[in-house]
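One structure below.
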Amino acid sequence: MTSLVEYQFVESVSTITLNDGKANAISPAMLAELNAALDKAESDAGVVVIRGREGLFSGGFDLSVFKSGDQREILSMLQGGAELAERLLGFPQPTIAACNGHAMAMGLFILLSCDLRIGIDAGHRFGANEVAIGLTVPRFATTVCRHRLTPAAFNCGLVLAQPFESSNAVNAGILDVTVTPDQFEKTVMGKAVACNSLDIKSHRATKQRARAGLLSELRTSIELDCEDWSQRI
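Numbering-wise, this note's numbering puts 154 at position 154 of the sequence shown, and it's gapless, one number per residue.
Right under this line is the structure:
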């Protein structure tokens with residue numbers, strides 16, 4: 001079976017790369033491998049860098065699972081995605097999203113759940129397109145987006161399914177910084193080194209204190225989402 005997630009630990013940096021060769025769809029299998037990689041990263045205790053393959057961070061949940069009609073698998077995927085966002089927001093080590101491509105729907109929610117988000121100024125698109133394709137944005141996703149996006153971007157991005165591009169992603173709150181393609185790898189590694197200089201105990205305690213309200217709200221959102229999703233079974 002081909003691996004969907006690659007893991008490397010070099011010089012106190014855990015690099016987790018999503019690469020299914022296609023859309024980097026967040027499927028149950030992808031979620032299992034992502035969580036296994038995060039387990040390793042937590043054990044290795046370094047800074048975590050999450051990235052996609054060149055040109056694509058993630059296109060979101062695996063649409064083939066929705067089309068399959070297997071309600072239990074759909075519930076597992078949705079709950080798993082929500083809990084991945086929750087895990088990242090409370091992760092004990094610094095997390096960096098090295099966004100080297102498009103990020104849509106669940107791909108966007110993963111991006112927004114990382115501590116630091118670095119992108120490339122290369123016309124990549126970001127969006128929550130659920131409303132445009134006949135889906136209601138889950139509560140967990142609105143909670144995550146409200147935490148990171150500006151009010152205007154939150155309204156346009158979720159209620160109107162308006163996509164954003166690299167050129168306005170920082171102003172929208174989607175990314176923290178964009179750089180030219182030739183500066184991307186250097187910037188990501190520079191930020192990882194800087195994060196590795198943090199006192200990890202202080203980082204962990206401060207993150208938990210700063211996000212206590214968010215994580216509590218997110219847990220409630222996930223439980224309500226799961227109630228809704230389970231009614232389909």
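Glycine residues also receive a C-beta, built at the ideal position from the N, C-alpha and C atoms.
Just so you know, these numbers come straight off a predicted model, no measurement behind them.
Counting other Cβ atoms within 10 Å of its Cβ, Glu223 stays below 16 and is therefore classed as exposed. Cβ neighbours of Leu214 within its own chain (closer than 8 Å, five residues either side excluded): Leu89, Thr143 and His147. Annotated three-state conformation of Gln8 is strand, per DSSP. Residue pairing of Ser58 in beta bridges, as defined by DSSP: Ala103.
Taking the Cα positions, Ala105 is about 18 Å away from Gly21. Under the DSSP assignment, Phe184 falls in the alpha helix (DSSP H) whose first and last residues are Phe184 to Asn196.
Excluding sequence positions up to five before and after Ala98, its CB lies within less than 6 Å of the CB of Val49, Arg51, Ile118 and Val188, all in the same chain and listed in chain order.
If you check the CB distance, Leu149 and Ala132 do not come in under 8 Å. Between Asp225 and Phe140, the C-beta spacing is below 8 Å. Approximately 6 Å separates the beta-carbon atoms of Ser58 and Leu18; this is inside 8 Å, confirming the contact. Minimum Cα-Cα distance from Lys40 among the listed residues Phe164, Val10, Ser68 and Thr2 corresponds to Val10. If you look at Val144, you'll find it in the alpha helix (DSSP H) that goes Arg139 to Arg148. Your pair Thr178 and Ala169 checks out as a contact, with CB atoms roughly 7 Å apart and the cut at 8 Å. Taking 8 Å as the upper bound for CB-CB distance, Pro28 and Glu86 are not in contact here, some 17 Å apart. For the pair Glu54 and Gly123, the CB atoms are not nearer than the 8 Å cut-off. DSSP links Ile16 through a beta bridge to Tyr7 and Ile50. A straight-line Cα-Cα distance of about 10 Å links Asn24 and His102.
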